[in-house]
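Residue numbers (our numbering), protein chains in the order written: chain A, 1 to 220; chain B, 221 to 754. Ideal placement from N, C-alpha and C gives every residue a C-beta, glycine not left out. Note that this is a predicted model, so its numbers are computed, not measured. Down below is the structure, laid out as structure tokens.
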């Protein structure tokens with residue numbers, strides 16, 4: 001084990017309780033994946049609730065999804081997929097000691113996150129303008145909805161995209177953090193675990209959106 | 221053990237409050253958890269005493285009963301007793317105190333895999349608990365610890381704050397579990413194969429799996445409940461087309477596995493105690509280790525037994541009833557193996573062993589009544605009666621708390637390098653054990669007679685048994701006060717503890733008491749199983 005340092009060879013960054021860089025790298029990676037599992041389970045439960053009510057009130061969900069603008073959702077999907085790409089190449093750049101390119105890629109990723117949030121903001125504002133609020137605050141008569149429970153659709157819409165949006169913001173913060181550390185020269189071909197961890201988080205956040213988009217915007 | 225120079229162990233290597241609040245040493249974090257959990261246990265315990273005092277007499281007869289102003293106050297005290305004991309005492313109890321301290325030592329590691337995250341988990345618990353207890357200064361929560369909808373949506377209490385507190389405490393639990401899983405997989409000493417790990421580590425590992433898989437579902441459930449109150453998303457609110465029973469499904473999908481988060485570590489401690497004090501290799505090591513995983517696996521498929529009368533289908537009821545009984549199998553495997561371990565062993569009745577035996581006795585009752593409650597037709601009669609209250613107190617208090625005390629007295633010399641007064645500790649056991657049975661056994665009878673749980677009052681026919689139960693609660697209280705005095709006395713003027721006072725075989729007893737800052741001066745190399753007595 002101690003001789004297999006192909007993943008991460010530098011000894012300067014090994015914390016005191018690890019034997020070597022490999023053990024540290026493998027522990028970190030397992031920890032990140034386990035944490036991602038909890039994220040998936042958390043979103044999993046809300047997907048289950050969505051599935052149950054979608055089965056109970058299919059027409060209501062169809063009516064709700066018509067109010068969403070799939071073009072905006074689709075744009076956001078593209079933006080996030082592109083940001084996943086820039087996130088991934090930033091790690092490759094760090095592994096090749098091309099820090100400048102890596103910083104550029106990370107900055108692009110943050111920018112994509114910001115574009116996503118701005119588009120989301122306009123979508124939200126448009127809904128608010130039309131009076132499409134969650135359950136308690138929606139005036140069914142005023143918006144002329146067919147289904148009395150249409151507020152629940154928007155409950156799901158805001159809860160799911162809101163929770164996802166919070167994750168995007170957290171992800172942007174984390175990417176900023178690893179970008180600053182990259183600028184400081186803390187990451188190089190021997191040490192990049194935090195960047196990879198943040199990258200995995202960002203990909204999972206993207207992945208969740210890739211499920212949210214068809215469920216909310218496209219499935220009638 | 222040769223005498224060491226000043227500052228040779230984890231307690232005195234650094235000084236000052238700040239060094240404790242910023243420590244990343246798993247042993248110190250274990251002690252931080254210990255102080256926190258003991259404090260919460262004191263608060264939750266006083267509330268329990270108040271509840272029992274209120275139930276001393278039916279309210280119609282104003283006397284000693286009637287200490288609480290009215291039924292609303294009773295509901296609030298009951299809610300805080302439940303929430304504190306569940307989220308702040310029993311769930312973090314054994315894993316975060318004893319697990320944090322001894323998991324790395326038992327597998328020959330210098331620390332857990334992520335020491336800073338370990339500290340973060342303690343701060344999460346503190347932050348969550350602070351939020352939850354802040355509600356005491358606003359509108360006190362009266363929903364019970366289960367936050368059932370739709371009442372929790374409608375009540376004027378500060379449910380949102382409480383629920384966010386529980387959410388953050390859940391993060392603490394997830395982070396602890398994550399740390400333990402990675403530590404077990406990646407940080408074992410050379411030669412420490414999975415099948416040479418002490419059974420306490422196996423138990424913590426199984427617990428960590430549940431913590432990781434179940435807690436996220438609670439997290440989203442509590443967030444949705446908060447969103448329901450703040451924005452009316454409609455998921456759980458029947459007025460908006462939602463289904464309050466879905467909340468119960470989600471809640472128990474976490475909270476039933478959570479009772480195994482509470483009890484599996486207790487079983488791990490008991491495995492250590494029984495083999496040590498029987499001076500005999502544990503019987504059926506593999507069976508005990510894998511039955512922990514078995515319980516963890518089955519635990520995810522039994523939540524519906526909380527909902528037999530909530531309007532779920534009869535088919536679902538029958539399936540859940542059967543699956544629930546399945547939990548009895550791995551549990552019984554453990555029980556029989558412990559008893560078989562004691563058979564022809566040279567048993568010594570030191571305090572930890574007394575607690576372990578207390579665990580076996582009480583947990584057997586708790587377990588068997590669990591099978592009774594799993595039986596669908598019987599459950600319909602016992603549902604929401606004191607029979608259920610008694611059952612889960614036998615498991616949670618009789619099981620987990622007995623084991624926590626036993627484990628604490630077992631490892632006390634290692635943790636603090638001091639011995640406590642054995643006779644005092646035995647006395648605390650006698651009071652808690654007898655007091656426990658006096659308190660909770662009558663509640664089985666009360667439940668069978670039909671006394672509903674969660675009520676602040678009862679008909680005069682139940683008075684006699686309630687009086688006995690309340691007297692029992694005083695005995696438990698005395699037992700824990702004696703235990704506290706024992707601990708304080710031991711800390712202040714206990715004799716210096718040797719490295720291995722009980723003649724145990726696991727790795728933590730090979731280092732000095734208290735352990736050095738980095739656990740092992742030389743990395744241990746393991747060549748055999750954990751319990752090679754004979």
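Whole angstroms is fine: what's the gap from residue 489/B's alpha carbon to residue 577/B's?
12 Å
Would you kindly report the start and end of the unbroken alpha helix (DSSP H) that includes residue 88/A?
70-95
If you draw a straight line from the alpha carbon of residue 254/B to that of residue 533/B, how long is it in whole angstroms?
44 Å
What are the residues that DSSP puts in a beta bridge with residue 191/A?
188/A
Can you give me the Cβ contacts of residue 470/B inside the same chain, cut-off strictly under 7 Å, excluding the 5 residues immediately before and after it?
437, 441
Considering just the uninterrupted stretch of the alpha helix (DSSP H) at residue 609/B, what are its terminal residues?
606-613
In the DSSP output, what is residue 716/B paired with across the bridge?
638/B
Leaving out five residues before and five after residue 735/B in sequence, what residues of the same chain have Cβ atoms less than 8 Å from its Cβ?
229, 230, 247, 325, 634, 728
Please report the straight-line C-alpha distance between residue 176/A and residue 69/A, rounded to a whole angstrom.
30 Å
What are the boundary residues of the alpha helix (DSSP H) that residue 233/B is part of?
No alpha helix (DSSP H) holds residue 233/B; DSSP gives it neither H nor E.
Compare the C-beta of residue 159/A against all C-beta atoms of chain B and say whether one is closer than 8 Å.
yes
Residue 339/B and residue 244/B closer than 8 Å at C-beta:
yes
May I ask you to check if the CB of residue 731/B is nearer than 7 Å to at least one heavy atom of the ligand MG?
With respect to the ligand MG, the structure offers nothing, as it holds no ligand at all.
Segments assigned alpha helix (DSSP H), at least 4 residues, entirely inside the stretch 139-172 of chain A:
140-143
Using CA atoms only, rank isn't needed, just tell me which of 431/B, 608/B, 613/B, 519/B is closest to residue 657/B.
613/B
Below 9 Å between beta carbons is the criterion; list the residues of the stretch 398-421 of chain B that meet it against any residue of chain A, in chain order.
398, 399, 401, 402, 403, 405, 406, 407
Inter-stretch contact (C-beta, 8 Å, three-pair minimum) for the stretch 496-511 of chain B and the stretch 562-577 of chain B
yes
Residue of 398/B, 414/B, 671/B, 544/B minimising C-alpha distance to residue 526/B:
544/B
Could you tell me if residue 413/B is buried or exposed, where buried requires 16 or more neighbouring beta carbons within 10 angstroms of its beta carbon?
exposed
Cβ neighbour criterion (16 or more within 10 Å) applied to residue 125/A:
exposed
Within the 8 Å Cβ cut-off, does residue 466/B reach chain A?
yes
Go ahead and label residue 252/B buried or exposed: buried means 16 or more other beta carbons lie within 10 angstroms of its beta carbon, across all protein chains shown.
buried
Proximity test, Cβ basis, 8 Å: residue 123/A and chain B:
no
Using three-state DSSP, classify residue 672/B as helix, strand or coil.
strand
Which residues, taken in chain order from the stretch 133-150 of chain A, show a beta carbon closer than 7 Å to some beta carbon of chain B?
134, 135, 136, 137, 149
Quick check on residue 371/B: does DSSP put it in helix, strand or coil?
helix
Local Cβ density within 10 Å of residue 157/A, reported as buried at 16 or more and exposed below that:
buried
Using CA atoms only, rank isn't needed, just tell me which of 432/B, 681/B, 404/B, 546/B is closest to residue 420/B.
404/B
Check whether the Cβ of residue 36/A lies closer than 8 Å to any Cβ atom in chain B.
no
Let me see if you follow: with CB-CB separation under 8 Å, is residue 45/A close to chain B or not?
yes
Within 8 Å (strictly less), CB to CB, does residue 27/A reach chain B?
yes
Of all the options 406/B, 236/B, 522/B, which has the alpha carbon lying nearest to the alpha carbon of residue 26/A?
406/B
Could you give the distance in angstroms between the alpha-carbon of residue 418/B and the alpha-carbon of residue 327/B?
8 Å
In chain order, what are the residue ranges of uninterrupted alpha helix (DSSP H) at least 4 long that sit wholly in the stretch 519-556 of chain B?
534-546
So, are the CB atoms of residue 319/B and residue 485/B less than 8 Å apart?
yes
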